[in-house]
Amino acid sequence: MQHIIRLYFQLPLFIRLIGTVFLTMGFFGFIIHLLEPATFPTFFDGLWWAFVTGATVGYGDYVPLSTTGKIVALFLILSGGGLVTFYMATISASTVKHEADLTEGKVTFKGSDHLVLIGWNERTRHLIIMLQEQHLQERIVLIDRTMDRLYQDISNVHFVRGSATDEETLEQANLSRARIAIITADPSLEEEQSDQAVIHQIVSLKGHHPGLFIIAEVLTEKQKINAERAGANTVIRSNDFMSSLFYQELYRNDPVKPFQLLLSLLTERQFHEEIIKGELVGKSILTAYEHFLKQHYQIIGIKKGEDLSFDLHPDILLEEGDVLVVFSPLRD
Numbered sequence: 000m001q002h003i004i005r006l007y008f009q010l011p012l013f014i015r016l017i018g019t020v021f022l023t024m025g026f027f028g029f030i031i032h033l034l035e036p037a038t039f040p041t042f043f044d045g046l047w048w049a050f051v052t053g054a055t056v057g058y059g060d061y062v063p064l065s066t067t068g069k070i071v072a073l074f075l076i077l078s079g080g081g082l083v084t085f086y087m088a089t090i091s092a093s094t095v096k097h098e099a100d101l102t103e104g105k106v107t108f109k110g111s112d113h114l115v116l117i118g119w120n121e122r123t124r125h126l127i128i129m130l131q132e133q134h135l136q137e138r139i140v141l142i143d144r145t146m147d148r149l150y151q152d153i154s155n156v157h158f159v160r161g162s163a164t165d166e167e168t169l170e171q172a173n174l175s176r177a178r179i180a181i182i183t184a185d186p187s188l189e190e191e192q193s194d195q196a197v198i199h200q201i202v203s204l205k206g207h208h209p210g211l212f213i214i215a216e217v218l219t220e221k222q223k224i225n226a227e228r229a230g231a232n233t234v235i236r237s238n239d240f241m242s243s244l245f246y247q248e249l250y251r252n253d254p255v256k257p258f259q260l261l262l263s264l265l266t267e268r269q270f271h272e273e274i275i276k277g278e279l280v281g282k283s284i285l286t287a288y289e290h291f292l293k294q295h296y297q298i299i300g301i302k303k304g305e306d307l308s309f310d311l312h313p314d315i316l317l318e319e320g321d322v323l324v325v326f327s328p329l330r331d
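Under numbering that gives the first Met the number 0, the residue at position 236 of the sequence shown is numbered 235, and the numbers go up by one with no gaps.
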């Protein structure tokens, strides 16, 4: 008996409540069927009466006629009515609590093949907006330790509050089934501290999911090699990128605006590599231009072996294994 009671209390609250409701209504339905078989000819008739009475609906299609039956009805109203009310109140409270837990980053993500973003900042916010504008149905898990709750209403983002170096947080984000992760630098820290935090997070993610593809942002040049050694597949040096943009803007020729031009380009197109093979082998690069323009690709560079060149001229002949660097439309 104690074993059965222990198993009962180990069940989820929702299962325990609905099970208790059915057992209680079934008990009263069976009793009234035994007491007044003429009024309640089947067990289902008694069960129907028990549910209608216990839920305080009271259709009146079945009514006990004997004194004993009415006493049973009184016990049903006292016990069943309170039980059903408690059941509905518990479900409502659980729904409200689950919504609050979602907002506060306490709920475990159950999906797979998702994108994990580490750190809530302007860069990750803008990335999420870009994904939405391109109608890319990415399932996103955001890990951040600084926010108490996710205040923005972003339907495709599951928030997990915690540090990406904590095993419990990574389990909650279901990192072992993620497809890719992006680690952004913490703008609230000094550059050296921020890069060290990024490297620590890379090590934690790789330790949890060795095959995970990781894109990491570092702020200093000397930490790039350490980020790669830690396991990052792609390392972005945001400070170098911004310095190049400042240089382009400083010496630009009016009316061209390099920053706006590059921003528009990267939000509409993506870098892509095409390996030369088949009919293009031995042909001029002009033939490749015509071939790829039909696919709305623009050639911007060529890689021969380890040599990458953006100095393109009509005399270049394509060899098997050459790689063309192109701008292609963003994926649908």
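Just so you know, even glycine gets a beta-carbon here, dropped at the ideal spot from N, CA and C.
| Query | Result |
| --- | --- |
| Determine the burial state of L118: buried for a count of at least 16 other Cβ atoms within 10 Å of its Cβ, exposed for fewer. | It should be noted that the sequence gives Gly, not Leu, for residue 118. So G118 counts as buried. |
| E189 bridges to which residues according to DSSP? | E189 pairs with nothing; no bridge assigned. |
| Specify, as a first and last residue, the run of the beta strand (DSSP E) that T233 falls within. | T233 to R236 |
| Go ahead and label F27 buried or exposed: buried means 16 or more other beta carbons lie within 10 angstroms of its beta carbon, across all protein chains shown. | buried |
| Distance check for L46 and T23, CA to CA, integer angstroms please. | 10 Å |
| Taking three-plus beta-carbon pairs below 8 Å as touching, is the stretch 184-191 in contact with the stretch 205-213? | no |
| When you compare only the Cα positions, how much space is there between V324 and T233? | 17 Å |
| Give the straight-line distance between the Cα atoms of D331 and E267, rounded to the nearest whole angstrom. | At D331, the pLDDT of 43 sits below 50, so the modelled position is not reliable; the number obtained from the coordinates is stated separately. Distance between the alpha carbons of D331 and E267 is about 11 Å. |
| Applying the criterion that 16 or more other CB atoms from any shown protein chain within 10 Å of the CB defines a buried residue, is Q1 buried or exposed? | Low local confidence applies: a pLDDT of 49 at Q1 is under 50, so the model's placement there is unreliable, with the coordinate-based value given in what follows. With fewer than 16 Cβ atoms within 10 Å of its Cβ, Q1 is classed as exposed. |
| When DSSP labels each residue in this structure, what does E35 get in the three-state scheme? | coil |
| CB-CB under 6 Å to D100, same chain, minus the five flanking residues each way: which ones, in chain order? | V106 |
| Taking all protein chains shown into account, decide if A88 is buried (16 or more other Cβ within 10 angstroms of its Cβ) or exposed. | exposed |
| Counting C-beta neighbours from all protein chains within 10 Å, is the total for D321 16 or more, i.e. buried, or is it exposed? | buried |
| By how many angstroms is the C-alpha of T84 removed from the C-alpha of T67? | 25 Å |
| Tell me the residue span of the beta strand (DSSP E) that contains G349. | The chain is shown from 0 up to 331; residue 349 falls before or after that span and cannot be answered. |
| Is the beta carbon of G53 less than 7 Å from the beta carbon of L75? | yes |
| Can you name, in chain order, every residue of its own chain whose Cβ lies under 7 Å from the Cβ of A196, other than the five neighbours on each side? | D185 and L188 |
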